[in-house]
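These notes are about the structure you will find just below.
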Amino acid sequence: MKSLCGQGHGKVILLGEHSVVFGRPAIAAGMALGCDASAQIAERDSLTVEPWNVTVQPDRPAADPNAEQLRRAFGVLLGRCRSERPAIAVHARMQIPGGAGLGGSAALSVAVLRAIDALLEVTRADQDQIDASIAWEQVFHGNPSGIDSAMAVRGGLAWYVRGQPLAPLHARRALCLVVANSGGHGSTKATVGRVGELHAADPAATGQRFDHIAALVHSAKAALETGDHAHLGELMNENQVHLQALEVSTPKLEQMCELARRAGALGAKLTGGGGGGCMIALAHDQTASERIAAALSSAGYVAFVVEVTP
Ligand code: PMV
């Protein structure tokens, strides 16, 4: 039986998560890893996600709250497909962990949509894919900035401001990053909600903090363009101090950042929603990346090296 595939990218946010929800810029780097999916004509619509071992059907409410969210999100995506169509079974395989700040859920939405579109022989513009993915993300997150969806569609190294198209960035040198998972499942919805509360309680002070982060993001763009990774690392460290003040870091994430810096990282910070999930560290070169990843692994964390080529 005909089966067609789609792929969505995972991403890391180099600087600017959370403040990006409030209209400030962020810089993200797409990863080769993300999610792939295949779709085929079936008797009824369904979505299976591995390795989560979950299958949902749009017309059958699920008892488990996570599966129920997935069911609703899948329904939203199907609502963006033409109504006269055969029933479709989609099988998706996550290549990155979910709830880890790596944009897993957006990567999943894009892989699923692309697999369905390939099966239905539909060509969908990038912006249409991004909009459909944002609608899916709203089921999980409530208030997504759209950065994960844009990155899941486009990948690459990019500058993002909410509501604007992703702007490609040109780095002078390859970026040697280490990604390490704290093991805790971070709820982006919860951390975005927490930052929203802080902002509502004191809009001036929190807004000022977002402006400080925005200034770091602007400096980081210049550092990427000139290849000044030592400075880029310092900016990442400063961004982490603000993220800690926004109450989205955890003792484990702090410990991982410290371990990475002691192992020679130029800078380290949480990436994505926080409250658990992943940390990124910037290394001078590939050898340094491997040394940092080894230090994190021997402390019991799952760590891997990501190279972002210019
Ligand atoms: O945790 P992730 O991978 O979904 O990243 C979230 C990034 C935030 O800036 C915290 C939220 C957003 O929607 O931009």
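Quick note on numbering: the sequence shown equals residues 18 to 327 in our numbering.
Ideal Cβ placement from N, Cα and C applies to all residues, glycine included.
Rounded straight-line distance, which links the Cα of residue j to that of residue i
i, j, result
"Pro327", "Leu174", "8 Å"
"Gly10", "Gly291", "Since the first and last residues shown for the chain are 18 and 327, residue 10 lies out of range."
"Glu275", "Leu313", "10 Å"
"Ala79", "Glu307", "42 Å"
"Arg88", "Val71", "10 Å"
"Ser63", "Gln225", "46 Å"
"Ile105", "Pro220", "46 Å"
"Gly33", "Leu270", "17 Å"
"Met273", "Gly317", "10 Å"
"Tyr177", "Lys28", "13 Å"
"Cys295", "Thr208", "14 Å"
"Gly96", "Ile133", "12 Å"
"Ile58", "Ser20", "8 Å"
Beta-carbon spacing of residue i, residue j below 8 Å
i, j, result
"Val107", "Ala149", "no"
"Glu255", "Leu241", "no"
"Cys52", "Leu119", "no"
"Leu137", "Cys98", "yes"
"Asn198", "Ala310", "no"
"Ser236", "Leu252", "yes"
"Val325", "Leu183", "no"
"Ile44", "Lys238", "yes"
"Met111", "Pro161", "no"
"Gly289", "Thr205", "yes"
"Ala128", "Gly203", "no"
Beta-carbon contacts of residue i that lie in its chain and below 7 Å, excluding the five residues immediately before and after
i, result
"Ser122", "Gly115, Glu154 and Phe157"
"His229", "His259"
"Asp143", "Val170 and Arg171"
"Thr223", "Leu215 and His216"
"Cys22", "Asp53, Ala54, Ser55, Ala132 and Ala135"
"Glu60", "Ala104"
Near the ligand PMV: residue i beta-carbon under 7 Å from a heavy atom
i, result
"Ser162", "yes"
"Thr205", "yes"
"Glu34", "yes"
"His158", "yes"
"Val209", "yes"
"Val37", "yes"
"Asp81", "no"
"Asp148", "no"
"Gly118", "yes"
"Ile113", "no"
"Ile58", "no"
"Ile44", "no"
"Gly224", "no"
"Gly289", "yes"
"Ile30", "yes"
"Gly294", "yes"
"Asp165", "yes"
Integer-rounded CB distance, given that residue j should sit under 8 Å from residue i
i, j, result
"Arg211", "Glu264", "6 Å"
"Phe227", "Arg41", "5 Å"
"His246", "His187", "That pair is no contact at about 15 Å."
"Leu249", "Gly284", "7 Å"
"Ala109", "Val73", "No, Ala109 and Val73 are not in contact; Cβ-Cβ is about 11 Å, not under 8 Å."
"Ser36", "Ala167", "Rounded, the Cβ-Cβ distance is 16 Å, inconsistent with contact."
"Gly92", "Pro75", "4 Å"
"Gly163", "Ile151", "5 Å"
Sequence-distant residues of its chain with Cβ nearer than 8 Å to residue i (five each side left out)
i, result
"Arg102", "Leu137"
"Val319", "Ala197, Asn198 and Gly200"
"Gln86", "Val156 and Phe157"
Neighbourhood of residue i by C-beta distance below 6 Å, restricted to the same chain and skipping five residues each side
i, result
"Ala298", "Val195, Ala277, Ala282, Ala285 and Ile309"
"Arg141", "Asp134"
"Asp165", "Gly120 and Ala123"
"Gln261", "none"
Cβ of residue i within 8 Å of any chain C Cβ
i, result
"Val156", "In summary, chain C is missing from the structure at hand, where a single protein chain is found."
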